[in-house]
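Q:
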Amino acid sequence: MGARSGVPVDEVLALVDAVLREAGLSRTAVRSLGTLDARAAEPGIAGAAALLGVPVRGFAAEELAAVSVPHPSTRPLAATGTASVAEAAALLAAGTEPGADAGAVPGAVVAPGTGEPAAPPARARAVLLVPKRKTRRATCALAASVPVRSHEDAPGARLLPRTHGYIAGEPGSPPTIPTPHTTAAMDMHTHTDAHDLRHHGDAEVRDEKLIDLAVNVRTDTPPDWLRRRIADSLTGLAAYPDGRVARAAVAERHDLPADRVLLTAGAAEAFVLLARALPARRSVVVHPQFTEPEAALRDAGHVVGRVLLREEDGFRLDPAAVPEDADLVVIGNPTNPTSVLHPAASIAALARPGRTLVVDEAFMDAVPGERESLAGRTDVPGLVVLRSLTKTWGLAGLRIGYVLAAPGTIADLERAQPLWPVSTPALVAAEACMSRAALAEAEHAAHRIGVERAHLLAGLAEFDEVRTVAGAEGPFVLVRIDGADAVRERLRSLGFAARRGDTFPGLDRNWLRLAVRDRATTNRFLQALDQALLMGG
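Just add 934 to wherever you are in the sequence shown, counting from 1, and you've got this note's numbering.
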């Protein structure tokens, strides 16, 4: 638990309860409530611990600073020396909790322990079950001690000696965390596995000069004509944004009335709006796929079930795997990270009266002809289609996307939006990207991506150690390599960033996602991959 001075007991308890609900646990699972030692006597924390019937346990700042945290922040780092008091304390406490051995029942610990930190038992590891969650004055994380069997890698984050304080994801970080569900077709339990749903490809290249195969934004974008349109819009920044023209342009592009269109600050905002505005009782996300929808649903208090597509089935959708009583279903098409393009008929078969069917088509404009798209369909009940303009047009920093749905759903989502959610430059970009010339350019780019993807796949086929997911249709491919996490680190040392796969539910540390690039870049990457595989013996 991290807290500011004066935080009340009820705020601390409410946050603890929310974190426990997310993990599917009750208050009885809590072994201790801890924080920075300077906050251990804070009345709000001490009072909450008393009501929970657990001790308050504090750690010195230098002890917390020695623990890797998956979600670092600059403010606590400047104030305490650790980038997340809650996460560092939770992991440290789980590793030092009495009885944390292979024969013990894993116990949940909300933030830290007390006394000198000992290394976790040889047969147990500290696992972050719920990452940092926060209110205005408090932060909370949940960790547990999980046993490790002799034939398994550690299923969670290891504690380093106090003299070794690394940042997660850098060389020397803990091993990635395999999912226990790689062959399950359906799992509707509340999930407490340690997939980092907030990890995205940009984290692979941030602050380092690497050739980027981790982010799926098309290179050499935005094009010059679009840059000029955006630059010209800056003269109108004194006026509040007016989205009517852009909204009408999107509606015309999909042959829909304007009341079926909502402009958003990227597709990511749309996931948050859906999670907040729709009263779903049983939400299901089809994985492996983009993790932001599940993260947004969980943040809004939804219990989320997973349908896990299997490698042996080519990660292809079986509509029968989705439970009949699910009233909110989310699927990507083409799916990130598998690059599988599901038939539109298979996805439409998921529609039911009383069910919202959310289809993330963020990469559909990278598919020639946008075949299998459901955008523009009005005959599928409960259909919500999400589109992004950030990938094909290189506008990730501008944030622009849109939602296509029935007018009532659009109205519900719009009420959940803040005023003026999309900036004037983003609105101008949206309008520009709906023009006939822009759509023709996107279609040409989609064909070019197909050619370059075929070249990448042909090169990967030369490696016996590499297995690719068949039938890739997106601007990326998914590959399996035994020990891919180590290969990824060796690729980094050779100047290339690849997207780790273990943060996607249904995948483990043996998977990588590779963005499609131009031929020269791909050839250089294939040479680096050959070196990386040889370096591993």
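Backbone N, C-alpha and C define an ideal beta-carbon position, used for all residues, glycine too.
On the criterion of 16 or more Cβ atoms from any shown chain inside 10 Å, does Val1421 qualify as buried, or is it exposed?
A: Locating residue 1421 in the sequence shown gives position 487, where the first residue counts as 1. Looking at its Cβ environment, which holds 16 or more other Cβ atoms inside 10 Å, Val1421 is buried.
Q: Using a threshold of 9 Å, state whether the C-beta atoms of Val1496 and Ala1431 are closer than that.
A: This structure gives no information on residue 1496, because the portion of the chain shown stretches from 935 to 1471.
Q: From Leu1347, Val1337 and Arg1232, pick the residue whose C-alpha is nearest to that of Ala1180; which is it?
A: Sequence index remark: in the sequence shown, residue 1180 carries index 246 (1-based). Nearest of Leu1347, Val1337 and Arg1232 to Ala1180, Cα basis: Val1337.
Q: Taking the alpha carbon of Val1184 as the point to measure from, which residue in Arg1215, Ala1340, Met1368 and Pro1227 has its own alpha carbon closest?
A: Your numbering for residue 1184 matches position 250 in the sequence shown. Answer by Cα proximity: Met1368.
Q: Enumerate in chain order the residues of its own chain whose CB-to-CB distance from Ser1167 is below 6 Å, with the five nearest sequence positions on each side excluded.
A: Translated into positions along the sequence shown, residue 1167 becomes position 233. Thr1358, Pro1359 and Val1362.
Q: Taking Val1400 as part of the beta strand (DSSP E), name the residues at either end of that continuous run.
A: Along the sequence shown, read from residue 1 onward, the residue named residue 1400 stands at position 466. From DSSP, Val1400 is part of no beta strand (DSSP E); its letter is neither H nor E.
Q: Consult DSSP for Ile1145 and reduce its assignment to one of helix, strand or coil.
A: The residue given as residue 1145 occupies position 211 in the sequence shown. Here Ile1145 sits in strand by DSSP.
Q: When you compare only the Cα positions, how much space is there between Met1350 and Leu1207?
A: The residue given as residue 1350 occupies position 416 in the sequence shown. The residue given as residue 1207 occupies position 273 in the sequence shown. Checking the sequence shown, residue 1350 turns out to be Ala, not Met. For Ala1350 and Leu1207, the distance between alpha carbons rounds to 6 Å.
Q: Sort Glu1377, Ser1273 and Val1293 by Cα distance to Glu1304 and report the nearest one.
A: In the sequence shown, the residue the question calls residue 1304 occupies position 370. Out of Glu1377, Ser1273 and Val1293, Glu1377 has the C-alpha closest to the C-alpha of Glu1304.
Q: On the criterion of 16 or more Cβ atoms from any shown chain inside 10 Å, does Ala1409 qualify as buried, or is it exposed?
A: Walking along the sequence shown from the start, residue 1409 turns up at place 475. Looking at the sequence itself, residue 1409 is Pro, so the reference to Ala does not match. Under this definition Pro1409 is a buried residue.
Q: Between Val1195 and Thr1169, what straight-line distance do the alpha-carbon atoms span, to the nearest angstrom?
A: On the sequence shown, position 261 is the one that residue 1195 refers to. On the sequence shown, position 235 is the one that residue 1169 refers to. Answer to the nearest angstrom: the Cα atoms are 27 Å apart.
Q: Near Ala948, which residues of its chain fall below 7 Å by C-beta distance, leaving aside the five closest residues on each side in sequence?
A: Locating residue 948 in the sequence shown gives position 14, counting from the first residue. For Ala948, where only same-chain residues beyond five positions count, there are no Cβ hits under 7 Å.
Q: With a CB to CB cut of under 6 Å and the five nearest residues on each side skipped, what residues in its chain are close to Asp1299?
A: As a position in the sequence shown, residue 1299 is number 365, starting the count at 1. Taken in chain order, the residues that qualify are Thr1326 and Ala1376.
Q: Would you list the one or two residues that DSSP bridges to Ile979?
A: Locating residue 979 in the sequence shown gives position 45, counting from the first residue. According to DSSP, which records beta bridges pairwise, Ile979 is partnered with nothing at all.
Q: Give the secondary structure of Pro1341 by DSSP, where H, G and I count as helix, E and B as strand, and everything else as coil.
A: As a first step, residue 1341 is located in the sequence shown; it is residue number 407 there, counting from the start. Helix at Pro1341.
Q: Under 6 Å Cβ to Cβ from Ala1230, same chain only, skipping five residues before and after it: list those, please.
A: Your numbering for residue 1230 matches position 296 in the sequence shown. Only Phe1205, Val1206 and Ala1209 meet the Cβ criterion.
Q: Return the CA-CA distance between Gly961 and Val990, expressed in angstroms with no decimal places.
A: For this step, residue 961 is matched to residue 27 along the sequence shown. For this step, residue 990 is matched to residue 56 along the sequence shown. At residue 961 the sequence reads Arg, which differs from the Gly that was named. So the two alpha carbons sit approximately 15 Å from each other.
Q: Check whether the Cβ atoms of Ala1202 and Arg1447 lie closer than 9 Å to each other.
A: Against the sequence shown, residue 1202 aligns to sequence position 268. Against the sequence shown, residue 1447 aligns to sequence position 513. Going by C-beta atoms, Ala1202 is not nearer than 9 Å to Arg1447.
Q: Please state whether DSSP places Asp971 in a helix, a strand or coil.
A: Taking the sequence shown and counting its residues from 1, one reaches residue 971 at position 37. Three-state DSSP puts Asp971 in a helix.
Q: Start and end of the alpha helix (DSSP H) containing Val1206?
A: Numbered from 1 along the sequence shown, position 272 holds the residue referred to as residue 1206. Val1206 -> alpha helix (DSSP H) spans Gly1200 to Ala1211.
Q: Just the C-alpha distance for Ala1027 and Val1061, rounded to the nearest angstrom, thanks.
A: Counted from its first residue, the sequence shown places residue 1027 at position 93. Counted from its first residue, the sequence shown places residue 1061 at position 127. When rounded, the distance between both Cα atoms is 11 Å.
Q: Measuring CB atoms only, is the region 1266–1275 touching the region 1217–1225, in the sense that at least three cross pairs come out at less than 8 Å?
A: Yes: at least three Cβ pairs fall under 8 Å.
Q: Quick one: grab the DSSP three-state call for Ile1415.
A: Taking the first residue of the sequence shown as 1, we reach residue 1415 at position 481. Ile1415: coil per DSSP, three-state reduction.
Q: Hey, out of Ala1406, Ala1075, Gly992 and Ala980, whose CA is closest to Arg955's CA?
A: For the purposes of this step, residue 955 is taken as residue 21 along the sequence shown, with counting starting at 1. The shortest C-alpha separation from Arg955 is found at Ala1075.
Q: Is any beta-carbon of chain B found at less than 9 Å from that of Arg1161?
A: Of the protein chains in the structure, only one exists, and it is not chain B.
Q: On the DSSP bridge list, what partners appear for Ala1431?
A: As a first step, residue 1431 must be located in the sequence shown, where it is residue number 497. DSSP lists Asp1146 as partners of Ala1431.
Q: With Thr1290 as the anchor, note down where its beta strand (DSSP E) starts and where it stops.
A: To locate residue 1290, count along the sequence shown from 1; it is residue 356. Looking at the DSSP string, the run of the beta strand (DSSP E) that includes Thr1290 is Thr1290 to Asp1294.
Q: For Thr1290 and Asp1261, I'd like the C-alpha separation in whole angstroms.
A: Along the sequence shown, read from residue 1 onward, the residue named residue 1290 stands at position 356. Along the sequence shown, read from residue 1 onward, the residue named residue 1261 stands at position 327. Computed Cα separation, rounded: 6 Å.
Q: Quick check: what's the CA-CA separation for Ala1372 versus Lys1143?
A: Position 438 of the sequence shown, counted from the first residue, corresponds to residue 1372. Position 209 of the sequence shown, counted from the first residue, corresponds to residue 1143. When rounded, the distance between both Cα atoms is 31 Å.
Q: Cα-Cα, which of Ala1173, Leu967 and Arg1071 is closest to Ala1078?
A: For the purposes of this step, residue 1078 is taken as the residue at position 144 of the sequence shown. Per the Cα distances, Leu967.
Q: If we count the other Cβ atoms within 10 Å of its Cβ and call it buried at 16 or more, is Leu1171 buried or exposed?
A: Counted from its first residue, the sequence shown places residue 1171 at position 237. With fewer than 16 other Cβ atoms within 10 Å, it is exposed.
Q: DSSP state of Phe1438, grouped into three classes?
A: Translated into the one-based positions of the sequence shown, residue 1438 becomes position 504. In this structure, Phe1438 counts as coil in the three-state DSSP scheme.
Q: Nearest by alpha-carbon distance to Glu997: which of Gly1015, Leu985, Gly981 and Ser1007 is it?
A: Start at 1 with the first residue of the sequence shown, and residue 997 comes out as number 63. Checked all of Gly1015, Leu985, Gly981 and Ser1007; the closest Cα to Glu997 is Gly1015.
Q: In angstroms with no decimal places, state the Cα-to-Cα distance between Pro1277 and Leu1251.
A: Your numbering for residue 1277 matches position 343 in the sequence shown. Your numbering for residue 1251 matches position 317 in the sequence shown. Taking the straight line from one Cα to the other gives about 9 Å.
Q: Just how far apart, CA to CA, sit Ala982 and Val964?
A: Here the question's residue 982 lines up with position 48 in the sequence shown. Here the question's residue 964 lines up with position 30 in the sequence shown. Taking the straight line joining both Cα atoms gives about 12 Å.
Q: Which residue wins for smallest C-alpha separation from Ile1265, given the options Met935, Leu1320, Val946 and Leu1190?
A: If you number the sequence shown from 1, residue 1265 lands on position 331. Among Met935, Leu1320, Val946 and Leu1190, the Cα nearest to that of Ile1265 is on Leu1320.
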